[in-house]
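Quick note on my numbering: the sequence shown kicks off at 10 and runs consecutively.
All C-beta atoms, glycine included, are put in the ideal place defined by N, C-alpha and C.
All of these numbers come straight from a predicted model, not from anything done at the bench.
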Amino acid sequence: MSIRIPEEKVELIRRSSDIVEVIGEHVQLKKQGRQYIGLCPFHGEKTPSFSVSADKQLYHCFGCGAGGNVFSFLMELEGLTFVEAAQQLAKRANIDLPDIVVNRGADSKENGPQSIMRAGHELAAKLYHHVLTLTEEGKAGREYIAERGFTKEQIEHFQIGFAPDRWDALTTILSKRQFPLDIMAQASLLGTRQQDGGHFDRFRQRLMFPIWDGQGNVIAFGGRTVSGEQPKYLNSSESPIFQKGRTLYGLHLARPTMRKESTAVLFEGYVDVIAAWGAGVRNGIATLGTALTEEQARLLRRNAETVILCYDSDQAGTDAAFRSAGLLEEAGCFVKVAQMPDGLDPDDYIRTYGAERFQSNVIGASLTMMAFKMRYLRQGKNLQHEADRMRYIEEVLTEISTLQRAVERDHYLRQLADEFSLSLEALKQEQIQIYRSRRRKEQAHRTEQRKPVPKHFEKKKLLPAYHNAERLLLAHMLRDAEIAERVQERIGGEFNIDDHQAIAAYLFAYYGEGHPPNPGHFIQELADERLKRIVTELAMLPVNENCQEQELLDYMAQIEKYPKRVQIEQKELEMKRLEDPVEAARLLMEINRLKQELH
Numbered sequence: 010m011s012i013r014i015p016e017e018k019v020e021l022i023r024r025s026s027d028i029v030e031v032i033g034e035h036v037q038l039k040k041q042g043r044q045y046i047g048l049c050p051f052h053g054e055k056t057p058s059f060s061v062s063a064d065k066q067l068y069h070c071f072g073c074g075a076g077g078n079v080f081s082f083l084m085e086l087e088g089l090t091f092v093e094a095a096q097q098l099a100k101r102a103n104i105d106l107p108d109i110v111v112n113r114g115a116d117s118k119e120n121g122p123q124s125i126m127r128a129g130h131e132l133a134a135k136l137y138h139h140v141l142t143l144t145e146e147g148k149a150g151r152e153y154i155a156e157r158g159f160t161k162e163q164i165e166h167f168q169i170g171f172a173p174d175r176w177d178a179l180t181t182i183l184s185k186r187q188f189p190l191d192i193m194a195q196a197s198l199l200g201t202r203q204q205d206g207g208h209f210d211r212f213r214q215r216l217m218f219p220i221w222d223g224q225g226n227v228i229a230f231g232g233r234t235v236s237g238e239q240p241k242y243l244n245s246s247e248s249p250i251f252q253k254g255r256t257l258y259g260l261h262l263a264r265p266t267m268r269k270e271s272t273a274v275l276f277e278g279y280v281d282v283i284a285a286w287g288a289g290v291r292n293g294i295a296t297l298g299t300a301l302t303e304e305q306a307r308l309l310r311r312n313a314e315t316v317i318l319c320y321d322s323d324q325a326g327t328d329a330a331f332r333s334a335g336l337l338e339e340a341g342c343f344v345k346v347a348q349m350p351d352g353l354d355p356d357d358y359i360r361t362y363g364a365e366r367f368q369s370n371v372i373g374a375s376l377t378m379m380a381f382k383m384r385y386l387r388q389g390k391n392l393q394h395e396a397d398r399m400r401y402i403e404e405v406l407t408e409i410s411t412l413q414r415a416v417e418r419d420h421y422l423r424q425l426a427d428e429f430s431l432s433l434e435a436l437k438q439e440q441i442q443i444y445r446s447r448r449r450k451e452q453a454h455r456t457e458q459r460k461p462v463p464k465h466f467e468k469k470k471l472l473p474a475y476h477n478a479e480r481l482l483l484a485h486m487l488r489d490a491e492i493a494e495r496v497q498e499r500i501g502g503e504f505n506i507d508d509h510q511a512i513a514a515y516l517f518a519y520y521g522e523g524h525p526p527n528p529g530h531f532i533q534e535l536a537d538e539r540l541k542r543i544v545t546e547l548a549m550l551p552v553n554e555n556c557q558e559q560e561l562l563d564y565m566a567q568i569e570k571y572p573k574r575v576q577i578e579q580k581e582l583e584m585k586r587l588e589d590p591v592e593a594a595r596l597l598m599e600i601n602r603l604k605q606e607l608h
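Right, here's the structure in full:
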């Protein structure tokens, strides 16, 4: 039997969930008129095409066509079932759900593997945290924590735990709670013995750092050895609920400050994030042992405009910062780079020099991207030698030519001219030549590599009059039950577009059940995802709120006339093929009659 949430609870959750606030936790939204706009979380873009309506409680992307209400947003973004999305929203709004929904056993067939994996990780996080803070088995972890200088507040805020030095601590608890151990192994919580297929704890005698998704659900762990065992850091393997390249450590914790300051600080690891949080940097996040990906860069851009890179000071950290900066700039971020003293990572710096100096001398003194690139390009060059000096100047000019603002280009050209006693005019001319050369190569490459734009991103063509009339009429019907009733009386479901015909039928039934106009609620009643998207787009159309009588009549007339126009065109084609003049004359009379009816 499928689990269902009572309709009245679903409606209460929907009414209690402000779509602007919910989406605002995932996308940086800005008010524009009566709508809110931002970068679409469902496809990569630099120019906002994602619109959210507070009035209608709907969202729609004019780029990829994604749309719906607050439930469908979470379902599409996180791959949740409707029940899981409702549970998440109910928890957020402090709404109690029936026990049959909340307390489904881990072995219930209604729970998909991903739900079971998330529940297993939540249980594991509680176990590890309990072991660290309240048991004798956690003593080694507490000693290591004390050495690193982590406070009680840091331990609680980041839910740090400890995996005891046993093979079956977590396995036993999961088994007692009736979690399928094979699924727990797929989730990277357990290992599987080759000889007998039995299971064992994957993490042992390690300090445990929960890794969350963007909504604060534990989906993986990072384990730091306290016994010298290799590897020093052991992260969960990727699973159906955890992909390293799509996850940023601590995002849900940092998001409020990121939004407030429109700035994120990107570190290389979770220990640096925790140390920086203790030093007052509350907008820190980190990648998870891999290089920054395009998807992570886009995720950062949706939440902040400026990103400060705070990587280790060694060559590997500097190279990683250079690569990451390029991805972030491509995603539309304004990038700055914090400079660490040689031999120190952020955690070391904070323990050595303290929080105040870290904030002022490292984060507060971050370099602009161009200043960082100039330092980076100096590496390995002896600027006293003419060849190295000329190569450096050419590389810097190449980077300057990519800057968008003229004032920035002028600033760095003057800096280069002063440092090497060169003519500013000569440098400008050289920079312009480099810019033009690059543009020619880019143009040639685009011409050679040009491919058709994916269908759903093509610029929308002008619609025929009858098609546009149907869209606008349905848009008015979604807002006004009386208009829907008049349409039903005159043309019923005789819309020419199949999807529009289906939407009209559902809408007539919706109003027939006594529901008031409410696009968000109506969408919830639709099962077809394609229809949901179309209705969302129609509901977001800018239409005349004070629709006049003649406007409605014109729309309905366009809809009614279209089949006759098609019939006339078909008969005209048929007449051209006729050789019998008598039959042709008869057909002409019929065409003239249809044209009279049309007018």
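Asked: Beta-carbon separation (whole angstroms), Lys269 vs Gly298, contact threshold 8 Å; Found: Contact flag wrong, Cβ pair sits at about 29 Å.
Asked: Same chain, Cβ closer than 6 Å to Gln163, neighbours up to 5 away in sequence not counted; Found: Ile283 and Gly287
Asked: Close Cβ partners of Gly150 (< 7 Å) along its chain, the five nearest in sequence each way excluded; Found: Leu141, Phe171, Leu216 and Val235
Asked: Cβ-based burial, His465 [other Cβ within 10 Å; buried from 16]; Found: With a pLDDT of 47 at His465, under the threshold of 50, the modelled position of this residue cannot be trusted, and the question is left open.
Asked: Neighbourhood of Val111 by C-beta distance below 6 Å, restricted to the same chain and skipping five residues each side; Found: Interpretation of Val111 is limited by its pLDDT of 45, a score under 50 that renders its predicted location unreliable; the figure taken from the coordinates is listed afterwards. Nothing meets the Cβ criterion.
Asked: Rounded separation between Pro7 and Pro57 - CA only; Found: Lying before the first or after the last residue shown, residue 7 is absent from the chain, which here runs from 10 to 608.
Asked: Cβ-Cβ distance between Pro173 and Arg213 below 9 Å; Found: yes
Asked: Proximity below 9 Å, CB of Lys188 to CB of Gly129; Found: Checking the sequence shown, residue 188 turns out to be Phe, not Lys. Cβ distance < 9 Å, so Phe188 and Gly129 count as in contact.
Asked: Contained alpha helix (DSSP H) runs [length at least 4] in the segment 230 to 292, N- to C-terminal order; Found: 260 to 270 and 279 to 287
Asked: Anticipated Cβ contact below 8 Å, Leu561 with Ile492, distance rounded; Found: 7 Å
Asked: For Ala513 and Gly278, the rounded distance between their alpha carbons; Found: 53 Å
Asked: Same chain only: Cβ atoms within 8 Å of Leu38, ignoring 5 sequence neighbours per side; Found: Val29, Ile32, Tyr45, Ile46, Gly47 and Val61
Asked: Strand pairing of Gln497, partner residues [DSSP]; Found: The partner list for Gln497 (beta bridge, DSSP) is empty, contrary to what the question assumes.
Asked: Cβ neighbours of Ala396 in the same chain (closer than 6 Å, five flanking residues each side left out); Found: none
Asked: Beta-carbon proximity of Asp321 to Leu301, cut-off 9 Å; Found: no
Asked: Start and end residues, alpha helix (DSSP H) containing Phe504; Found: Per DSSP, Phe504 belongs to no alpha helix (DSSP H) and is neither H nor E.
Asked: Thr315 versus Arg445 - alpha carbon distance; Found: 29 Å
Asked: Integer Cβ distance of Glu85 from Ala95, believed to fall under 8 Å; Found: The pair is not a contact, with the Cβ atoms about 15 Å apart (cut-off 8 Å).
Asked: Inter-residue spacing [alpha-carbon to alpha-carbon] between Asp323 and Ser248; Found: 32 Å
Asked: Whether Val92 touches Arg23 by CB criterion (9 Å); Found: no
Asked: Residues near Tyr564 by beta carbon distance below 7 Å, same chain, minus five either side; Found: Ala478, Leu481 and Leu482
Asked: Contact check, Gly231 vs Ile220, beta carbons under 9 Å; Found: yes
Asked: Selection from Ser375, Ile441 and Phe381 that minimises the alpha carbon distance to Glu403; Found: Ile441
Asked: Pairwise C-alpha distance: Tyr519 and Lys573; Found: 30 Å
Asked: Enclosing beta strand (DSSP E) for Ser60 [first to last residue]; Found: Phe59 to Ser62
Asked: Contact check, Leu262 vs Ala306, beta carbons under 9 Å; Found: no
Asked: In DSSP terms, what Ala172 is bridged to; Found: Arg215
Asked: Identity of the residues DSSP links to Cys70 by a beta bridge; Found: Phe59
Asked: Residue environment, Asp116, which counts as buried when at least 16 other CB atoms sit within 10 Å; Found: Unreliable positioning characterises Asp116 in this predicted model, as indicated by a pLDDT of 43, which lies under 50. A coordinate reading is not provided.
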